[in-house]
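Please read the structure below before turning to the comments.
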Amino acid sequence: MTASAREAGRIFQIGGRAKIEEIVESGSHEEAAKLLRSDRNPLQRLKRLLEVLQLQDVPRYGDLMDETSEVVQAVQYYNLRIHTTYKAAGELAPNPALVPFPQQALHLLTPAIHHTLVCLSLNHFIHTSPLGTDRAVLAPNRWKVYHHRGAALRALSQHIGQDKTRCSDMTITTILMFMCLELQNPSFADWRSHVNGMKRIVDLRGGPKKLMKEAPHLVPSLVLYLLIVSVANTCSPSWDQVEINSTADDVIEDITSIYSLIFPYTLCPPELFTEMLHINRLRAKASAAVLQCDFDVDHTLKAYDLLARIEAFSVEDWAQPGTFYNEWLIVGTVYKSALTLYAILSLGSLTVLPADASLLDIQTGHGDVLLSNLRTALKDPRVARFMAWPLVVAGVEAIYRGEATRDWIGASLEELSRTLGTSGPIKACSVLRRYWKGGVSGWDECFDRPYVFVM
98 MTASAREAGR IFQIGGRAKI EEIVESGSHE EAAKLLRSDR NPLQRLKRLL EVLQLQDVPR
158 YGDLMDETSE VVQAVQYYNL RIHTTYKAAG ELAPNPALVP FPQQALHLLT PAIHHTLVCL
218 SLNHFIHTSP LGTDRAVLAP NRWKVYHHRG AALRALSQHI GQDKTRCSDM TITTILMFMC
278 LELQNPSFAD WRSHVNGMKR IVDLRGGPKK LMKEAPHLVP SLVLYLLIVS VANTCSPSWD
338 QVEINSTADD VIEDITSIYS LIFPYTLCPP ELFTEMLHIN RLRAKASAAV LQCDFDVDHT
398 LKAYDLLARI EAFSVEDWAQ PGTFYNEWLI VGTVYKSALT LYAILSLGSL TVLPADASLL
458 DIQTGHGDVL LSNLRTALKD PRVARFMAWP LVVAGVEAIY RGEATRDWIG ASLEELSRTL
518 GTSGPIKACS VLRRYWKGGV SGWDECFDRP YVFVM
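Numbering (our numbering), first residue to last: 98 to 552.
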């Protein structure tokens, strides 16, 4: 929540919308300055606040200080359970975008965001509940999730249906929050439509880079959007990826330039995350060539260059000595092996890389390293929350391994689901088990439709 939003929330707590309108109508500079605790253009600032509320079609709320309100309870739950958990887990890399949610700021938000907040909090409660929790406790909350999700969808559709709010900042924020909700509960299975909708609106505003410059307060939302799309493309068919921009090189450059804001969500070393983007792009190019019955030897050369750059990455140099040196060593090693496997398995699935003995040895070696370090990482609460994607990569490689390894990966994903408060890892487990049962190896064989397991 930005400082301006917190300040606006304080104003609402003191006087409310009616009081603001009364002061603006009276034209009292003194009263406006008193309310704002500032003599700097107080009337103009209050007028601007009212204009924003009217432009965004934010209704008048009468129950947002009522402790029995489900929206208020959702905010309290977020502050007490979700935020505190993520703050503790952010010891390695504090995330400035994760802050307590001021209850008073609810006055500034649309009903769609209110309903989505309730869904996010309820989903977290459901998925963090211990095994064996009475279904009678969970069932009413599941019903509430569907109720508020439907209400959020209707409110969001209404905003998108109006010219003045279709591409507004509030609409972009709402779609992003709703996208996170869909990822938190993949049974809804509609996250891709929200990604596509977000892309169209961001494109209408000039693209991510331009929008971040024009609306800095949207940067946290756009950072999450770019992260979701980047990771989703790894777990989607090579022929069905989301193109953020028409020029792939620009996308990689744009994402790399803001990666410091993405890093606290992943802990993936910047150099390796950039290679992930390059692999995504090479997969898309190679897939297009396959569809045209073409084979471009340049794709193979680029694939070997990718592997060489990943192999050259020094985990020891990246993990600078300090308090958490051992943790950073584990994180760096996990991601280095996971990216190596992603490159070999996904590009091998497209025959860009050959299935020769040397690559198989590299694959097996990095598979061993990844599994060993994942076992250590998942025991460390500072690191475990960031292991979803590497664990999925290990799962794809585990088709070459025994049942005991697969069972451990499945159990780890189920436990991670309870840790994160999301069913994403459980969905990943389901996808992997179907893949293992099928017995046919191949990255695109596993991910035959778009998935994302980042949340």
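Where is the CB? At the ideal position from N, CA and C, for every residue including glycine.
Residue from the options whose Cα sits closest to the Cα of residue i
i, options, result
"His291", "Pro305, Arg302 and Val339", "Val339"
"Leu471", "Ile223, Leu315, Thr207 and Ala491", "Ala491"
"Lys296", "His212, Ser327, Gly187 and Ser335", "Ser327"
"Thr331", "Asp347, Asp231 and Leu442", "Leu442"
"Gly499", "Val234, Arg479 and Leu468", "Leu468"
"Leu40", "Gln417, Leu250, Tyr422 and Leu379", "Because the chain in this structure spans residues 98 to 552, residue 40 falls outside the shown range and cannot be described."
"Pro139", "Leu447, Glu118 and Leu150", "Glu118"
"Val348", "Ser318, Ser125, Gly304 and Ala385", "Gly304"
"Tyr183", "Leu147, Ser455 and Pro361", "Pro361"
"Leu319", "Asp337, Glu494, Val299 and Ala329", "Val299"
"Thr42", "Gly419, His126 and Phe392", "Here the chain has residues from 98 to 552 only, and residue 42 is not among them."
"Lys261", "Arg289, Met484, Ala129 and Glu148", "Glu148"
"Cys525", "Ala485, Val466 and Glu128", "First, the residue type needs correcting, since residue 525 is Ala and not Cys in the sequence shown. Comparing Cα positions, the closest option is Ala485."
"Glu122", "Lys144, Leu132 and Lys131", "Lys144"
Range covered by the alpha helix (DSSP H) that runs through residue i
i, result
"Ala508", "Glu500 to Leu517"
"His204", "Note, His204: premise wrong, no alpha helix (DSSP H); not H, not E."
"Val292", "Trp288 to Leu301"
"Arg378", "Pro367 to Leu388"
"Trp533", "Gly521 to Gly535"
"Ser166", "From DSSP, Ser166 is part of no alpha helix (DSSP H); its letter is neither H nor E."
"Pro305", "Pro305 to Glu311"
"Thr72", "Past the boundaries of the shown model lies residue 72; the chain is included only from 98 to 552, so the question cannot be answered."
"Arg406", "Val394 to Ala409"
"Gly445", "Tyr422 to Ser446"
"Glu494", "Ala485 to Glu494"
"Glu542", "Trp540 to Cys543"
Residue i (DSSP reduced to helix, strand or coil)
i, result
"Ala194", "coil"
"Asp347", "helix"
"Trp240", "helix"
"Arg178", "helix"
"Trp336", "coil"
"Val549", "coil"
"Ser357", "helix"
"Ile269", "helix"
"Ile341", "coil"
"Lys476", "coil"
"Cys264", "coil"
"Leu217", "helix"
"Met98", "Summary for Met98: the model assigns pLDDT 45, below 50, so the residue's position carries little reliability, and this model does not support an answer."
"Gly124", "coil"
"Ala416", "coil"
"Thr225", "helix"
"Leu468", "helix"
"Arg137", "coil"
"Ala452", "coil"
Presumed contact (8 Å Cβ cut-off) between residue i and residue j, rounded CB distance
i, j, result
"Ser333", "Tyr548", "7 Å"
"Ala312", "Ile376", "Not confirmed; about 31 Å, so no contact."
"Thr213", "Met267", "About 12 Å separates the two Cβ atoms, so there is no contact after all."
"Leu444", "Ala400", "5 Å"
"Ser335", "Asp545", "No, Ser335 and Asp545 are not in contact; Cβ-Cβ is about 11 Å, not under 8 Å."
Residue-chain proximity (residue i, chain B), Cβ-Cβ < 8 Å
i, result
"Ala185", "The chain labelled as chain B is not found in the depicted structure, where only one protein chain is given."
Residue i Cβ short of 7 Å to the ligand NAP heavy atom set
i, result
"Met274", "For the ligand NAP, the structure offers nothing, since it holds no ligand at all."
At least three beta-carbon pairs within less than 8 Å, the region 508 to 525 to the region 409 to 419:
Too few Cβ pairs lie closer than 8 Å, so no.
At least 3 beta-carbon pairs within less than 8 Å: the region 518 to 535 vs the region 306 to 315
Judged by pairs of C-beta atoms under 8 Å, the region 518 to 535 does not touch the region 306 to 315, as fewer than three such pairs exist.
Count Cβ pairs between the region 220 to 232 and the region 187 to 196 that sit closer than 8 Å; are there 3 or more?
Flag = no, the region 220 to 232 and the region 187 to 196 do not touch.
Below 8 Å, can you find three or more Cβ-Cβ pairs linking the region 202 to 219 to the region 231 to 244?
With a cut-off of 8 Å, the region 231 to 244 and the region 202 to 219 count as touching, because enough Cβ pairs lie within range.
contact_flag[the region 432 to 439, the region 363 to 374] where n(CB pairs < 8 Å) is 3 or more
The region 432 to 439, when compared against the region 363 to 374, does touch it at the 8 Å Cβ threshold.
Determine contact between the region 246 to 254 and the region 132 to 149, defined as no fewer than three beta-carbon pairs at a distance below 8 Å.
Flag = no, the region 246 to 254 and the region 132 to 149 do not touch.
Does the region 477 to 491 come into contact with the region 452 to 459, if we say contact requires no fewer than three beta-carbon pairs (one atom in each stretch) closer than 8 Å?
Contact between the region 477 to 491 and the region 452 to 459 is absent, because fewer than three Cβ pairs lie under 8 Å.
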